[in-house]
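Working notes, beginning with the structure itself.
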Amino acid sequence: MMNMEKHAIVLDVGSRYLKSGISGERSPRSVLRYDLAEKLLQTPPLSKAQWHDYMGGHLYRVCFHDLRVTPKSRRFVVCEDLLLPRNLREAIHDVLLLVFKAKHLLFVPATTTALYATSHVTALIVDVGWLETRVLPVFERMPILSAYKTTGLASQYACAGLKGYIPTRDTPVEDILERACFVLPASSEALVVEDAEFFAYTPKAVTLPAAARHECLEPLFTGTDELVSIPDAILDCLAKCPVDTRKALSENILCIGGTCMLPGFRARLQHELQAEHMSARVVATAFPPNLMTWVGASVYGSTSDAMAVSLSQSDYAAHPVVDDWMKIHEAP
């Protein structure tokens, strides 16, 4: 009998962008920019009801306006950060399973899911996103959670430094970072950098000084008084890994996330790491780094394994408890 099961809806819940699409496809159909990072940093933390209202509106737009699919009786695969707040996770479960009546729901770790878009089973995954940088080693398909490292140096920090060179508040700083900024090479004596001009001949004209084009990204590699640099975070992660895994991990450094797409980022990172580990190598990816997590989830969502471990709507309605990787299951 022909399998008439509908393809799953794949969601990548990032701190800056919500990517959505259909499993089995090579790229998301929709990329929605939102302010999840600001919500995560609010004090006191948002309650489950507040997250329900916030995510409910965005998920409604994704399903009915962007993807134009009916979520009822559909499977959902959601990529999440390992340390996503529990109130947010529970709110997403309630919206998808109780409000949208999705058939099945599966949460997968965003960092490790990227491996499904590669041919590797061992990698040191460096996810350089908007809010923070996450480093997780995976050896022979097994994450080494005890070596997991994070640092607050990422695109948001670079944009904050870039604002000091921009006179008006309504200038799209993130857009300027993507279009004009780059990471300075390790040896840059003969490098000539020119000023960058935006919105010329308009009231919003902006001239970005040459030095600002790379100085805003230097803290990511040198660190600050409060935050450890990305190379140091990777070295700390490697130091916490078992000795017999370090060489294989350092030879397979997988950079994902939008920040590592900036010109010169991966070359500078490899140079900094090779000062401590001569075998360090940043591997190439078949897909854009900012889409690696979503593509990996798209591949995994098409497998029978994903369907087998998904949470059904009926089970959640009867027992609305959200498990996570920290939960210890007691033997019956």
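Each residue of the sequence shown is one higher than the last, beginning at -5 in this note's numbering.
By construction, the Cβ of each residue, glycine as well, lies at the ideal position given by its N, Cα and C atoms.
Comparing alpha-carbon positions, the option among Leu99, Thr107, Gly295, Arg207 lying closest to Tyr310 turns out to be Leu99. Tyr28 carries a coil assignment under DSSP once its states are collapsed to helix, strand and coil.
When secondary structure is reduced to three states using DSSP, Phe259 falls in the helix class. Unbroken alpha helix (DSSP H) runs of no fewer than 4 residues, entirely contained in the stretch 112 to 199, are found at 149 to 156, 167 to 174, following chain order. The three-state secondary structure of Cys73, taken from DSSP, is strand. In the DSSP assignment, Asp226 falls within the unbroken alpha helix (DSSP H) covering 224 to 234. Counting other Cβ atoms within 10 Å of its Cβ, Met272 stays below 16 and is therefore classed as exposed. Judged by their CB atoms, Ser24 and Gly15 are nearer to each other than the 8 Å cut-off. Remark: C-beta atoms of Cys254 and Pro283 approach each other more closely than 8 Å. The alpha-carbon of Arg240 is positioned some 46 Å away from that of Val93. Burial state of Leu12 is buried, judged by a 10 Å Cβ sphere holding 16 or more other Cβ atoms.
Here DSSP, grouped into helix, strand and coil, assigns Cys210 to coil. The three-state reading of DSSP puts Pro103 in strand, counting E and B together.
Taking the C-beta atoms as reference points, His46 is found nearer than 8 Å to Val89. Residue environment for Met136: exposed (fewer than 16 other C-beta atoms within 10 angstroms of its C-beta).
For Ser14, no alpha helix (DSSP H) run applies; the uninterrupted beta strand (DSSP E) run containing it begins and ends at 11 to 16, by DSSP. Under a 10 Å Cβ-count criterion, His313 is classified as exposed, with fewer than 16 other Cβ atoms of the shown protein chains found around its own Cβ. Rounded to the nearest angstrom, the Cβ distance from Ala152 to Cys210 is 5 Å, consistent with a contact under 8 Å. Around the C-beta of Leu171, 16 or more other C-beta atoms lie within 10 Å, and the residue is accordingly described as buried.
Just so you know, the alpha carbons of Ala227 and Thr145 end up roughly 7 Å apart. Where Leu248 is concerned, the enclosing beta strand (DSSP E) starts and stops at 247 to 250.
Membership of Leu5 in the beta strand (DSSP E) is indicated by the continuous run 3 to 7. Burial check for Asp6: the Cβ neighbour count within 10 Å reaches 16 or more, so the residue is buried. Scanning its chain for C-beta atoms nearer than 7 Å, with the 5 sequence neighbours on each side dropped, one finds around Val303 the residues Leu100, in chain order. Bounds of the alpha helix (DSSP H) holding Tyr294 are 286 to 295. When Cβ pairs closer than 8 Å are counted between the two stretches, the stretch 77 to 87 is seen not to touch the stretch 110 to 121, the count staying below three. Within the DSSP secondary-structure output, Leu305 pairs in a beta bridge with Leu99. With distances taken between CA atoms, Leu285 lies nearest to Leu248 out of Leu248, Tyr54, Val63.
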